[in-house]
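Take any residue in the sequence shown, count from 1 to its spot, add 624: that is its number in our numbering.
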Amino acid sequence: MNKISRRLGGLLIALSMMFSLSGCGSYNRLITLEQNVNKKWADVQSVYQRRADLIPNLVNTVSGAANFEKSTLTEVTNARASVGQVKLDPSKAPTDAAQLEQFQQAQGQLSNALSRLLVVSENYPELRATEAFKGLQVQLEGTENRISVERNNFNAAVQEYNTALGRFPTNMLNKMFGFQPRPFFAAQAGSEVAPTVNFGTFGSSPAAPRPAPAISTPAATPALEATP
Numbered sequence: 625m626n627k628i629s630r631r632l633g634g635l636l637i638a639l640s641m642m643f644s645l646s647g648c649g650s651y652n653r654l655i656t657l658e659q660n661v662n663k664k665w666a667d668v669q670s671v672y673q674r675r676a677d678l679i680p681n682l683v684n685t686v687s688g689a690a691n692f693e694k695s696t697l698t699e700v701t702n703a704r705a706s707v708g709q710v711k712l713d714p715s716k717a718p719t720d721a722a723q724l725e726q727f728q729q730a731q732g733q734l735s736n737a738l739s740r741l742l743v744v745s746e747n748y749p750e751l752r753a754t755e756a757f758k759g760l761q762v763q764l765e766g767t768e769n770r771i772s773v774e775r776n777n778f779n780a781a782v783q784e785y786n787t788a789l790g791r792f793p794t795n796m797l798n799k800m801f802g803f804q805p806r807p808f809f810a811a812q813a814g815s816e817v818a819p820t821v822n823f824g825t826f827g828s829s830p831a832a833p834r835p836a837p838a839i840s841t842p843a844a845t846p847a848l849e850a851t852p
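Spelled out as structure tokens, the structure:
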């Protein structure tokens, strides 16, 4: 009987050690994945900040054109200010889907305002011919493409992290150590097409502006159902 007890005891110790090692590995992996999500979020914030930094130069350049529509400039300036009012930690990805949606809406309003400004700019060929305006065109094109790439990279990192959270035995560590799933940038119609900022193809009529390019992850990316 004592021999059987010793064997059972040894088996329990071995199982305990195995689960402990498995738990340590799962915990370390979650930490790595979480840090990667935060890194990708910081990259997203960086490219959005780059666009925001370009706007004052754009507004100053455009406002130098004779009789340029002031309401359009005001709209861009106000939209940029609204983006600044959405306060999210740039170093830590949000866990609240509503906060991310608010951030995305503010950025979308700024994109729309920029699109309308570019439409109006078509009526000022002397403005589009300036070196300053051409330089801003190149920078905006690059920034919009960077935004698309970084948002997709962020969603990919979130998907990997959220998948790991739902798998056994990792899912046993979620509540114990406070790991929480992260929301995605929502897919939008046309998000599979790379955004383009082209001053020569936005049209000639300010009354019918071209919609702002959608900057998001491909529609195949699943939406997060709950992020308490």
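Glycine residues also receive a C-beta, built at the ideal position from the N, C-alpha and C atoms.
The model shown is predicted, which means the values in this text are computed figures rather than measured ones.
Q. According to DSSP, is Arg-775 helix, strand or coil?
A. Helix.
Mind the definition here: the segment 686-700 touches the segment 763-775 only if three or more C-beta pairs lie below 8 Å; say whether that holds.
In short, these stretches do not touch, since the Cβ pair count stays below three.
Could you check what DSSP says for Ala-737 in three-state terms: helix, strand or coil? Looking at Ala-737 - three-state DSSP - the assignment turns out to be helix.
Original post:
Can you tell me the Cα-Cα spacing of Leu-742 and Arg-653, whole angstroms?
Top reply: Taking the straight line from one Cα to the other gives about 46 Å.
Checklist entry - Does the pairing of the segment 653-671 with the segment 785-799 give three or more beta-carbon distances under 8 Å? => result Taking a contact to require three or more Cβ pairs closer than 8 Å, the segment 653-671 and the segment 785-799 qualify as touching.
task = Note down the Cα distance separating Lys-664 from Asn-691, rounded to an integer number of angstroms.
result = Roughly 42 Å separates the two Cα atoms.
Rounded C-alpha distance that separates Ser-715 from Leu-797: Their backbone Cα atoms lie some 23 Å apart in a straight line.
* Gln-703 lies in the alpha helix (DSSP H); which residues open and close that run? -> According to the sequence as given, residue 703 is Ala; it is not Gln. From DSSP, the alpha helix (DSSP H) with Ala-703 extends over 694-709.
key: CA-to-CA distance, Gln-733 to Asn-702, given in whole angstroms   = Rounded to whole angstroms, Asn-702 to Gln-733 spans 10 Å at the Cα level.
| task | Could you tell me if Phe-801 is buried or exposed, where buried requires 16 or more neighbouring beta carbons within 10 angstroms of its beta carbon? | result | Exposed.
Looking at the structure shown, is Glu-746 part of a helix, part of a strand, or coil, going by DSSP? Coil.
query = So is Ala-705 buried or exposed if we call it buried at 16+ other beta carbons inside 10 Å?
reply = Exposed, since its Cβ has fewer than 16 Cβ neighbours within 10 Å.
Start-to-end residues for the alpha helix (DSSP H) that takes in Met-800: For Met-800, the uninterrupted alpha helix (DSSP H) segment begins and ends at 798-801.
Leaving out five residues on either side along the sequence, give the residues of the same chain with a beta carbon under 6 Å from the beta carbon of Ala-756. Here the set comprises Thr-685.
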